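Engineer:
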Amino acid sequence: MSRWDILKKFASRVGYSSSDLDVFTDGDPRLRLLEKMADAAPLYSIQAEVVEARHCNTGYTVGDRFVLDLDGNFITSLCPKKMCVYAVSQLAVPVALIVERISEGLDPNAFHFMHYVRCPDVGVQCAGYGGIMMKIEVIPRR
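To convert a position in the sequence shown, counted from 1, into our numbering, add 290.
#1: Which partner residues does R355 have in the DSSP bridge list?
#2: May I have the straight-line CA-CA distance separating M327 from H345, to the nearest angstrom?
#3: Is the region 400 to 408 in contact with the region 417 to 431, if contact means three or more CB pairs nearer than 8 Å?
#4: Once the 5 residues before and after Y350 are set aside, which same chain residues still bring their CB inside 8 Å of it?
#5: Note down, in chain order, each residue of its chain lying with its Cβ closer than 7 Å to the Cβ of N347, except the 5 sequence neighbours on either side.
#6: Given a threshold of 16 other Cβ atoms within 10 Å of its Cβ, counted over all protein chains shown, does S309 qualify as buried or as exposed?
#7: State yes or no: is the C-beta of S302 nearer than 7 Å to some heavy atom of the ligand FMN?
#8: When burial is assigned at 16 or more other CB atoms within 10 Å of the CB, is L324 buried or exposed?
#9: Please state if the CB of A338 and the CB of L381 are separated by a distance shorter than 8 Å.
#10: Do you know offhand how far R431's Cα is from L396's?
#11: How is M424 classed by DSSP in three states: helix, strand or coil?
#12: If contacts are defined as beta-carbon pairs under 8 Å, then P398 and V352 qualify, I think. What distance do you get, rounded to the angstrom?
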């Protein structure tokens, strides 16, 4: 499938108008991203696993996992029932790094920055309440 066919399929899904489509040009990096993501999306998911937890108000414990598709959408059936905005907001940068690596045809797990993220709560010793740390990685879809 060509980049333009992939764009048309995407446009149909998200509701682009013809004037929206006119914005795209041959060298547009978004076309490359759509093409690479179309190939990778059925193969991989993003997993954020709690590897450290102490006094978490939401109740996360070591081993809890958040699973996202490559578009950054949580697959809720594979996530804890409660989702803390402070914890999950920390996934924005690593997910963006992963997507960028995929769009460049690179190993999505070979980034060096933010493989681990922490909830912004600083913990009881620093005038906070508790906190968690998560490890982020791309995993094969089952």
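A virtual CB, placed ideally from N, CA and C, is assigned to each residue, including glycine.
Note that this is a predicted model, so its numbers are computed, not measured.
Structural biologist: The relevant details are as follows:
#1: Within the sequence shown, residue 355 is the residue found at index 65, counting from 1. DSSP, once it has assigned bridges, lists E339 as partnering R355.
#2: Looking up residue 327 in the sequence shown gives position 37. Looking up residue 345 in the sequence shown gives position 55. When rounded, the distance between both Cα atoms is 38 Å.
#3: Contact holds: three or more Cβ-Cβ distances are below 8 Å.
#4: Counting from one through the sequence shown, the residue named residue 350 turns up at place 60. If we look at Y350 and ignore the five residues flanking it on each side, its Cβ neighbours are V340, A343, P370, C374, A377 and I422.
#5: By 1-based counting over the sequence shown, the position of residue 347 is 57. Hits under 7 Å: Y419 and G420.
#6: Reading the sequence shown from its first residue, position 19 is the one you call residue 309. It counts as exposed.
#7: Absent from the structure shown: the ligand FMN. Ligands present: none.
#8: Along the sequence shown, read from residue 1 onward, the residue named residue 324 stands at position 34. Under a 10 Å Cβ-count criterion, L324 is classified as buried, with 16 or more other Cβ atoms of the shown protein chains found around its own Cβ.
#9: Along the sequence shown, read from residue 1 onward, the residue named residue 381 stands at position 91. Along the sequence shown, read from residue 1 onward, the residue named residue 338 stands at position 48. Contact annotation: L381 and A338 have beta-carbon atoms nearer than 8 Å.
#10: Taking the first residue of the sequence shown as 1, we reach residue 431 at position 141. Taking the first residue of the sequence shown as 1, we reach residue 396 at position 106. Roughly 18 Å between the two C-alpha positions.
#11: Here residue 424 is taken as the residue at index 134 of the sequence shown, counted from 1. Strand at M424.
#12: Locating residue 398 in the sequence shown gives position 108, counting from the first residue. Locating residue 352 in the sequence shown gives position 62, counting from the first residue. Not really, about 24 Å apart at Cβ, beyond 8 Å.
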